[in-house]
Structures are given as C-alpha cells and as structure tokens.
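Read the structure below first, then the notes.
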Amino acid sequence: MKYLSILFACILLFSCSKDQEIMDLPVQIESPDYYMNFDIVGSSYASEDQTLYSIESDQDLTIKASITEAPGGYPYHNSPYYNPVEEGKIRLLISLKFRSETQENFENTDWFFEFLVVEDLENINKLDDELFEYKSNSLLFEKMKLYKEENNFPLLLTMPDFQELSMGWELGVLSNVDFYFDEESYDIIELNYQSSEDKINMSGTFDVNLKVMSCGYYTFYEVRKANFNLLIE
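Our numbering puts the first residue of the sequence shown at 18, with every later residue one more than the last.
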C-alpha cells in the first residue's frame, strides 16, 4: 500500500508539471489582415472596356502613414476641409498605401486610402522631407472619432500616377475628390485606439466615383462594394 501511495503521488506530480508546462506555452495570436477590396468598372462614356474587376489589395505595413500638408489643386481644392484655417492650425493629408499584387488584368496596382484633417500645430512634430508626425496617435484618433460622430469623414480613394492621354488630360492622381452623387457613400463600422501600442484601427465600406471636377465633372471609374480594414501606427 505504501508503494502504491508513492506511485500515485509521482503520477499526480508528473500530471501537474505537464499542466503547468502547457499553461506556460506562449499563445500564438494571429495578426488581423489589413486590406482594401472593391469592384471597379470604367464609366460607360469613359472607356470602351466595361469589364468589372474585383480588386483585392493589402496595406503596405512596411511604411507608416504619410502625413503631409494638404496640397492645393485637384483633388483637394473641392473638399470642405480645404478652406482657410485659423492661425495655429494646419490642413493635413494622411495617406496609407495599398497594393494589389495578385491583380493581373487591371492597369493599376497601387492605391492610396487618404483623408484630410485640420489639426492644431501643437499636436504634431515636423520631420524632414516635409513630413509630419503626431506626438501621439491618440490625438489623431480623437479627430477621427469626431469626424465619425459628425458623419463627415473627408475620405479619398486615390489612384496614383494616373494618365489619361486619350482625353488630353495628364493627371498625377485620380481620386473621388469628395462625395457628390447619390450613389457615393461610406460607412465607418469600427474605429478603435490601442493605447498600449499607440495604434489606430479603422474598418468600413464605401462606394465612390473616381472623377475630375472643376466647373463640371467627368467620371473615369465607378468603385462599388468597397470594404477596408486599416492600421495607423
């Protein structure tokens, strides 16, 4: 009986040590995907090719968000956020790059998800090469949260290096410019801030027309069923 008691104690000790071993194993947490996916088709009067392309792009996380002073001219001059600002404030353009590496037939592989903010100069630092950074992303998050609550987020989908020689226009970028038409809309589904890592996560949907606007408008592409999940760090 004595030996049986010793054997049982050994088995129990071994079992507890195995349980402790399992509990101490590091938990593998899979990182979420950051993407922007949408359907795009040429406008009926803008292109003979009316093929609908389904674009799947991933956010380029090797580079941080580009924060610059919002330039004048197309596509930013029409935005309500491109009005004169008060002293001590600045108009900022925040750009995140996405790439559709696996897309074979559509002409464009680079995309920028952009938005404009009017920010206090005391909340940002100026870096080299005309770039800026927030002293804390919590300050940017508060601005984004305010725009979301007002349902007035100045979002842009931008196609860089766009050339439309057949129309006689040579544009550096093609963008939705703003939300002008009934079919254009957006919905910010989630907007979160992770204080421990100073990161912002935002997801949502949108439908826009990529167009040129001056005294009138010309639509090149219609973008539909867009959905995105992005990271700012």
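Beta carbons: idealized from backbone N, C-alpha and C, even for Gly. Nothing here was measured: the structure is a model prediction, and the numbers come from that model.
- When secondary structure is reduced to three states using DSSP, Leu110 falls in the strand class.
- Counting along the chain, Glu166 sits inside the alpha helix (DSSP H) bounded by residues Asn154 to Glu166.
- Non-local C-beta neighbours of Val135 in its own chain, meaning closer than 7 Å and more than five positions away in sequence, comprise Tyr98, Val102, Lys106 and Arg108, ordered along the chain.
- Scanning the region 123-153 for uninterrupted beta strand (DSSP E) segments of 3 residues or longer gives 127-137, 141-143 and 149-151, listed from N- to C-terminal end.
- Every beta strand (DSSP E) stretch that sits fully inside the region 199-227 and reaches 3 residues is listed by chain position as 202-211.
- Here DSSP, grouped into helix, strand and coil, assigns Glu73 to strand.
- By the Cβ criterion, the region 143-161 is not in contact with the region 69-79, since fewer than three pairs of Cβ atoms, one from each stretch, lie closer than 8 Å.
- At a Cβ-Cβ threshold of 8 Å, Ser220 and Asn246 count as neighbours.
- Taking Glu200 as the centre and dropping the five residues before and after it, the same chain places the C-beta of Asp224 closer than 7 Å to its C-beta, in chain order.
- Here DSSP, grouped into helix, strand and coil, assigns Ile80 to coil.
- Restricting attention to Asp50, Tyr52, Ile72 and Tyr51, the CA atom closest to the CA of Val58 is found in Ile72.
- C-alpha of Leu191 to C-alpha of Thr68: approximately 19 Å in a straight line.
- Here Phe196 carries a coil assignment [DSSP, helix/strand/coil].
- The beta carbons of Tyr164 and Leu157 sit about 11 Å from each other, so the pair does not count as a contact at 8 Å.
- For Ala243, the uninterrupted beta strand (DSSP E) run begins and ends at Tyr234 to Ile249, by DSSP.
- Counting of Cβ neighbours within 10 angstroms places Lys228 among the buried residues, the total reaching 16 or more.
- In the DSSP assignment, Asn54 is bridged to Glu73 and Asn244.
- Rounded to the nearest angstrom, the gap between the Cα atoms of Leu110 and Leu174 is 12 Å.
- Under the DSSP assignment, Pro177 falls in the beta strand (DSSP E) whose first and last residues are Leu172 to Pro177.
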